[in-house]
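Student:
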Amino acid sequence: MKTLSTTVLSACLMFSYNAFGQEWKNECVGYYQLQLPAGLEVALYPIEDFVNPDKRPESANGIKVQLYGVPEITFRKNYDLKDIDAVQAQFTEFYYGNYELGISTEGKEPIDWSAYRKREEGDRDFAAFVAREYELRDLRLFDEPLTPEAEFKRKHGYLTKEYPDAFSIYTNRTYSVFINKDNRLYHFWKESKKDTSDKSPTAEKQLRDNEPEVLSLLNRFRARKLYEVPTEQGFCLPYGFIVGDSGHEKRNMAVTYRLKDHPEVSIFFQDSGTNPGPGKQRPDDKKSAKDYVTYLWNVEYGHSFRDIKLFGKGFSSPTIDNRKGTAAFAKFTRYGKEVDYGYVAYVKSGVDDNEPGLLFYVIRDSRQAKNQPSMDKDELEKLAEHIVSSVKRR
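The sequence shown stops at residue 495 when you use this note's numbering, and every number in between is there.
#1: With three or more beta-carbon pairs closer than 8 Å as the criterion, would you say the segment 164 to 174 touches the segment 359 to 369?
#2: Closest to Q307 by C-alpha separation, out of V278, G415, A470 and S418, would be which residue?
#3: If I'm right that Y259 touches T248 with Cβ under 8 Å, what's the distance once you round it to whole angstroms?
#4: Looking at F336: is its Cβ nearer than 7 Å to the Cβ of R325?
#5: In the DSSP assignment, the alpha helix (DSSP H) including Y235 goes from what residue to what residue?
#6: Buried or exposed: which applies to G443, given that a residue is buried once 16 or more other Cβ atoms fall within 10 Å of its Cβ?
#7: For G458, which option in S475, R255 and V394 has the closest C-alpha, if you only look at C-alpha atoms?
#8: Check R494 in the structure and name its three-state DSSP category.
#9: Going by DSSP in three states, A431 sits in which element: helix, strand or coil?
#10: Look at A144 and T193 and say whether their C-beta atoms are less than 7 Å apart.
#11: Relative to the C-alpha of F227, which candidate in N423, I409, H257 and I204 has its C-alpha closest?
#12: Which one of N455, E245, E292 and K432 has the shortest CA to CA distance from G348?
#13: Suppose you measure from the CA of E201 to the CA of K471; what does that come to, to the nearest Å?
#14: What is the DSSP secondary structure of L137, counted as helix, strand or coil?
#15: Examine chain C for any beta-carbon lying closer than 7 Å to the beta-carbon of R274, and answer yes or no.
#16: Return the chain-ordered ranges of every alpha helix (DSSP H) run that is complete within the segment 156 to 219 and spans a minimum of 4 residues.
#17: My output table needs one value for Q371: the three-state DSSP class, helix, strand or coil.
#18: Just how far apart, CA to CA, sit N153 and N284?
#19: Contact between the segment 156 to 163 and the segment 388 to 407 is defined here as three or more beta-carbon pairs at a separation below 8 Å; is this criterion met?
#20: Under the DSSP definition of a beta bridge, which residues are partnered with S293?
#21: Using only CA atoms, which one of P147, A190 and V171 lies nearest to K178?
#22: What is the rounded straight-line gap between the Cα of F253 and the Cα of V231?
#23: Using three-state DSSP, classify V400 as helix, strand or coil.
#24: Which term fits D392, buried or exposed, when burial requires 16 or more other beta carbons within 10 angstroms of its beta carbon?
#25: Can you pull the DSSP bridge partners for E149?
#26: Considering S277, what are the terminal residues of the beta strand (DSSP E) in which it resides?
#27: Would you tell me roughly how many angstroms separate the C-alpha atoms of E482 and D386, rounded to the nearest one?
#28: Check whether the Cβ atoms of R435 and F406 sit closer than 7 Å, and answer yes or no.
#29: Using only alpha-carbon positions, find the residue among F322, D441, D266 and L460 that is nearest to T420.
#30: Could you tell me the distance, in whole angstroms, from the CA atom of F412 to the CA atom of V445?
#31: With respect to the alpha helix (DSSP H) encompassing R255, which residues constitute its N-terminal and C-terminal limits?
#32: Report the three-state DSSP secondary structure of L308 (helix, strand or coil).
If you want it as structure tokens, here you go:
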């Protein structure tokens, strides 16, 4: 694989909101607002993979350890690891505060909420079954004693608490909140910090300690439409909004969109704060902005290209959120010999939370053009530059 060089003169280009006659709409991600083209779809968890998952039983060491397929993010109606629709969405991830989030696509029919709750409880019953099966195996093989029933229940038991259009499930170490709004599922999962003074945490203790936070979340969360940008303080997630938070929560909100009329064009924006949490795409602030952009092209994206080089203006220095960023427009050849283009822009985080790390890209994958001409490289670049110029703190 060839790699691009960083020794290209920087440049910056600004242009009007009406470039190429594109219709623009405001959208929000994390604490930021940006202008995006009308007619987008968002990479999310397919609703069917939540409420009616495919049966995919798997066994390990003679013990069944999985019954259903695990939901993942994609543009398809169902997830397929090898499908291009999933590859386009590979860097999408949703983290807010200490929560990992799951957000589903919109269902065509109302969700059978009771059945979904029972399925989630069934997943935890199955996990306890697997744990006991492994203990029984160890008893047979190594004469290891079984965990006493009371202790086993403490470790693997759970409590369910129902609320209007929501329920939560508490275990001895974690809790999950499930919300049903506008035929979508919103899932908030949190693992408690280890308390070394508490040797025997229980689901009951999790409920006592965390229900006030759960109630606060339920009172402040609301669904929103795509392109609906709230005016009050809070945090934007795809099709959702958390009202009246601190405005400085730890987060790693990375959203991927694509154009409905040009599905070969995907758009990615990430607000990772100044201290990004877990995730697949965590900015490396030890690198200079230019080195990080080069790394993104050569390693994160470029590993699947047979050739890559800077194109047009090459490196530029766009203004992102009133800060000087670094961007690079590149031309690349895939191993299938398709020639494509992409634009990456990045601004490093500062010490002040008002200067978080922001990452953005627009990439064309001509294999997704669906029997129509791919978007022209010049239009693609101007599309990207317009979006970058519109990024601002909401």
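Note that the Cβ used here is the ideal one computed from N, Cα and C, for glycine as well.
Small disclaimer: the values here were computed from a predicted structure and weren't measured.
Tutor: Let's see:
#1: No, because fewer than three Cβ pairs between the segment 164 to 174 and the segment 359 to 369 fall closer than 8 Å, the two stretches do not touch.
#2: Per the C-alpha coordinates, the member of V278, G415, A470 and S418 positioned closest to Q307 is V278.
#3: Contact doesn't hold; Cβ gap of about 16 Å is too wide.
#4: In this structure, F336 lies away from R325, with their beta-carbon atoms at least 7 Å apart.
#5: Judged by DSSP secondary structure, Y235 falls within the alpha helix (DSSP H) whose first and last residues are W214 to F243.
#6: The residue is buried, with at least 16 neighbouring Cβ atoms inside 10 Å.
#7: Taking only the C-alpha atoms, the option nearest G458 is V394.
#8: In the structure shown, R494 falls within a strand segment according to DSSP collapsed to helix, strand and coil.
#9: DSSP, reduced to helix, strand and coil, places A431 within a strand of the structure shown.
#10: Against a cut-off of 7 Å, the Cβ pair of T193 and A144 comes out as a contact.
#11: Among N423, I409, H257 and I204, the Cα nearest to that of F227 is on H257.
#12: G348 has its Cα closest to that of N455, out of N455, E245, E292 and K432.
#13: E201 and K471: Cα-Cα distance of roughly 34 Å.
#14: In this structure, DSSP gives L137 an extended state, which the three-state scheme calls strand.
#15: In the displayed structure, chain C is absent; only one protein chain is listed.
#16: Within the segment 156 to 219, the complete alpha helix (DSSP H) runs of at least 4 residues are 185 to 189.
#17: In this structure, Q371 counts as strand in the three-state DSSP scheme.
#18: Whole-angstrom Cα-Cα distance: 14 Å.
#19: The segment 156 to 163 vs the segment 388 to 407: no contact.
#20: According to the DSSP secondary-structure assignment, S293 is paired through a beta bridge with no residue.
#21: Closest by C-alpha distance to K178, out of P147, A190 and V171, is P147.
#22: Per the coordinates, the alpha-carbon of F253 lies some 12 Å from the alpha-carbon of V231.
#23: Helix, per DSSP.
#24: Exposed, because fewer than 16 other Cβ atoms sit within 10 Å of the Cβ of D392.
#25: Partner(s): none; E149 has no beta bridge.
#26: Run containing S277: T275 to K282, per the beta strand (DSSP E) assignment.
#27: Cα to Cα, E482 sits roughly 26 Å from D386.
#28: Contact flag set, yes.
#29: Nearest C-alpha to T420 among F322, D441, D266 and L460: L460.
#30: Cα to Cα, F412 sits roughly 12 Å from V445.
#31: For R255, the enclosing alpha helix (DSSP H) begins and ends at E250 to H257.
#32: It is helical.
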